[in-house]
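Going down the list, the protein sequences come from chains A and B.
Start counting the first sequence at 1022; every next residue gets the next number (this note's numbering).
Start counting the second sequence at 1022; every next residue gets the next number (this note's numbering).
Before any comments, here is the structure.
2 protein chains.
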Amino acid sequence: MDEVACLDPRCNPTQFFDLDGYEAIVHRNAGGNIRHALRDVLTLDRAFELNEIAIIHHTDCGALTSTDEQIRSHIKARVDKEHWAEVDAIEWGSMVNVEESVKEDVEWFRANPLVREELKRHCQGFVLDSQTGKVQRVDVE
Amino acid sequence: MDEVACLDPRCNPTQFFDLDGYEAIVHRNAGGNIRHALRDVLTLDRAFELNEIAIIHHTDCGALTSTDEQIRSHIKARVDKEHWAEVDAIEWGSMVNVEESVKEDVEWFRANPLVREELKRHCQGFVLDSQTGKVQRVDVE
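Okay, structure coming up:
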C-alpha cells in the first residue's frame, strides 16, 4: 500500500491506521497533494506493483488558509521579476474544502493516463479530523 | 526545521534524529529529492519562516537501482503513445551515488532563485547508512 498524506505532524498515517511503519510506504507533502506525489506512485508501482493507494487530507490544514494567488504574491514580493514565471508555474495546491480536495485528488488520480488501470480502482480518499484523530473515508463516485 | 527525506520506511528522520515528531516538519518523497519538495519548502517558509533545512538520502535507496531512461521506458510500454511526452516531462530523480546526490541537491537548493537567502545558508545534507542507522553530514563547499 502507498499512502499520500499531509506533512503536518498530526497527519501521520502510521499512527491513525495503526501501522508498524513497514506495512505501507508513506509519501508526505504539503496538503497530501496527489499531483505532487505522482512521480513517487509511478516509480513505486513500477518497483513493487502497488495494490492500493490512500490519499489523506486533514481538517485544519495549512493548505486551507491561503489561496495560490496569495502564496504567489508573497513569494514574488521578495524574488527578482525575472523569476516570476517560475513562481507562476508551480501548482501550489491550496484547498478550499478538505473533503472536496480529497474527492478532486481521487478523481484526478483515476483520470490520469499514466496510472495503471487496476491501481486506479484501488485508490481511496480519507479525511483525518485533526481534533479527534478519527479518519473517515470519502465517497467518490 | 524542515527535513526532506526518502519515503523508504528505514529513512525516518524522527527516528534517527531522535525527534518527537513535532520539532520538525518532515517531507518524504522517493529519494528525498529536493526538487520535488521545493513547493513545500516555499509554502512552509512563507507560513513559519523556516530556520533550517536538512536533506537526507540513504544508502541502498531504490532510486539508485534504475536510470530515468529505464523508468521512462517501463512506463511508456504500458501507456498510450499520445501521453509519452508527459512521461518524458517528469524528473524521475534517479541517483548514481548517494553522497553525490545529496551534494547536488544541496547545491541546487542554494542556487535556487526562489529560496530565501538566509534559508540557503542553513541548508545541510546528510546520508543515512541504512544498515547501521547512522547519519553522516555531507560536506558541501
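Beta carbons: idealized from backbone N, C-alpha and C, even for Gly.
Being a predicted model, the structure only gives us computed values, none of them experimental.
Would you mind telling me which residues of chain B sit closer than 9 Å to ASN1072/A, beta carbon to beta carbon, in chain order? Correct list: empty, because the minimum Cβ distance to chain B is about 17 Å.
Name the DSSP beta bridge partners of GLY1146/A, please? ILE1076/A, VAL1159/A
Return the residue from the list LEU1063/A, LEU1085/A, THR1035/A that minimises the CA-CA distance to GLU1139/A. LEU1063/A
Can you check DSSP and say which residues form a bridge with ALA1026/A? ARG1049/A, ILE1077/A
When you compare only the Cα positions, how much space is there between CYS1032/B and HIS1048/A? 12 Å
Against chain A, does ARG1067/B count as a neighbour if the rule is that its beta carbon must be under 7 Å from one of theirs? yes
GLU1070/B (DSSP reduced to helix, strand or coil): coil
To the nearest angstrom, report how far apart SER1151/B and GLU1090/A are at their CA atoms. 41 Å
Go through the segment 1115-1146 of chain B residue by residue and report every complete run of the alpha helix (DSSP H) that reaches 4 residues or more, in order. 1119-1132, 1138-1142
Backbone CA spacing between ASP1061/A and ARG1099/A [nearest angstrom]: 31 Å
With respect to the alpha helix (DSSP H) encompassing GLN1152/B, which residues constitute its N-terminal and C-terminal limits? Note, GLN1152/B: premise wrong, no alpha helix (DSSP H); not H, not E.
Residue interval of the alpha helix (DSSP H) (run including TRP1113/B): Careful: TRP1113/B lies outside any alpha helix (DSSP H) and carries neither H nor E.
Does the segment 1142-1156 of chain A come within contact of the segment 1079-1093 of chain A, defined as at least 3 CB pairs closer than 8 Å? yes
Can you find the residues in the same chain that come closer than 7 Å, C-beta to C-beta, to HIS1143/B, ignoring five residues on each side of it along the sequence? ASN1072, GLU1073, ILE1074
Relative to chain B, which residues along the segment 1047-1059 of chain A have a C-beta separation below 7 Å, given in chain order? VAL1047, HIS1048, ARG1049, ASN1050, ALA1051, HIS1057
Where ARG1056/B and ALA1068/B are concerned, what is the direct C-alpha to C-alpha distance, given to the nearest angstrom? 20 Å
Cβ neighbours of VAL1156/A in the same chain (closer than 8 Å, five flanking residues each side left out): PHE1037, PHE1038, ILE1077, PHE1147, VAL1148, LEU1149, ASP1150
Using Cβ-Cβ distances below 8 Å, what residues of the segment 1104-1117 of chain B are close to chain A? HIS1104, GLU1107, VAL1108, ILE1111, GLU1112, TRP1113, GLY1114
Starting from the beta carbon of THR1064/A, find every residue of chain B whose beta carbon is closer than 7 Å, and list them in chain order. ALA1051, ILE1092, TRP1113
Could you check which residue in GLU1125/B, ASP1109/B, PRO1030/B has the C-alpha nearest to that of LEU1040/A? PRO1030/B
May I have the straight-line CA-CA distance separating ASN1133/B from GLY1052/A, to the nearest angstrom? 23 Å
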